[in-house]
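> Per the numbering used here, the very first residue in the sequence shown carries number -5; after that it's consecutive.
I'd like to ask some things about the structure below.
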Amino acid sequence: MLLSHRAFRRFDELQALTNRQLQDTVRHAVRGKYIVITGKGKHRRLVLTHKGKRLVNQKAMENLRPPTPASWDKKWRLVLFDIPEEFRKNRNSFAVGLKEMGFVQLQKSCFVFPFPCLDEIEVLADFHEVRPFITFLVAESLEGSKTLARRFKLT
């Protein structure tokens, strides 16, 4: 499961809630089917449902960004994909996620980024359930790299 820094900060904020506020929050999450309560007495636990995990992951996706190193290593990261038509919705949302992370679209199924980002691509591909259809490349040269370098403000 994905958890962002923001999720941990929000957990700290939960510590400041009154018992009543916490009960209301849990009741709302149970009614919304984001969590279920298991066990009895001292063994009661709150467990995320599939819907709850999806919401946590969606919130984590909002903060998914590859870090920007101090200097560029002069390599391009390319994400290529050939996602079947039956997964069109997943394909489209994956492409939107790439754009939101700062990737530039070179062709319909080819995106480029100048910094290391494999971990973030794997997380994004897993989230959108398209990982088997993704190819990740690192290239030292790329046609149009001067234009891309300007677009990414590397020069």
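In this text, a Cβ means the ideal position worked out from N, Cα and C, and glycines have one as well.
1) Is the beta carbon of R25 closer than 9 angstroms to that of I31?
2) Looking at C-alpha atoms only, which residue of K68, S87, L131 is the closest neighbour of A143?
3) Distance, Cα to Cα, C104 vs E134?
4) Measure from the alpha carbon of Q101 to the alpha carbon of each residue in F146, G33, L72, K147, then state which is nearest.
5) Which residues in the same chain as T43 place their Cβ atom closer than 7 angstroms to its Cβ, once the five residues preceding and following it in sequence are excluded?
6) Should the stretch 112 to 126 be called in touch with the stretch 50 to 60, which here means at least 3 C-beta pairs below 8 angstroms?
7) Given this structure, state the Cα-to-Cα distance separating D120 from V41, to the nearest angstrom.
8) Give me the residue from W70, E94, L131, F75 with the minimum Cα distance to T141.
9) Looking at C-alpha atoms only, which residue of M95, F107, K93 is the closest neighbour of L136?
If we stick to the structure as given:
1) Residue 31 sits at position 37 when you count from the first residue of the sequence shown. Residue 25 sits at position 31 when you count from the first residue of the sequence shown. No, they are not a contact pair.
2) For the purposes of this step, residue 143 is taken as residue 149 along the sequence shown, with counting starting at 1. Nearest to A143 by C-alpha distance, out of K68, S87, L131, is K68.
3) Translated into positions along the sequence shown, residue 104 becomes position 110. Translated into positions along the sequence shown, residue 134 becomes position 140. The alpha-carbon atoms of C104 and E134 are separated by roughly 16 angstroms.
4) Translated into the one-based positions of the sequence shown, residue 101 becomes position 107. Looking from the CA of Q101, the closest CA among F146, G33, L72, K147 belongs to L72.
5) The residue given as residue 43 occupies position 49 in the sequence shown. Here T43 has K27, Y28, I29, V30 as same chain residues with Cβ atoms under 7 angstroms from its own Cβ, once five neighbours each way along the sequence are excluded.
6) Yes, since at least three Cβ pairs between the stretch 112 to 126 and the stretch 50 to 60 fall closer than 8 angstroms, the two stretches touch.
7) Numbered from 1 along the sequence shown, position 126 holds the residue referred to as residue 120. Numbered from 1 along the sequence shown, position 47 holds the residue referred to as residue 41. Each residue's Cα considered, the two are about 22 angstroms apart.
8) Taking the sequence shown and counting its residues from 1, the one referred to as residue 141 is at position 147. Among W70, E94, L131, F75, the Cα nearest to that of T141 belongs to W70.
9) As a working mapping, residue 136 is identified with position 142 in the sequence shown. Of the candidates M95, F107, K93, F107 places its Cα closest to the Cα of L136.
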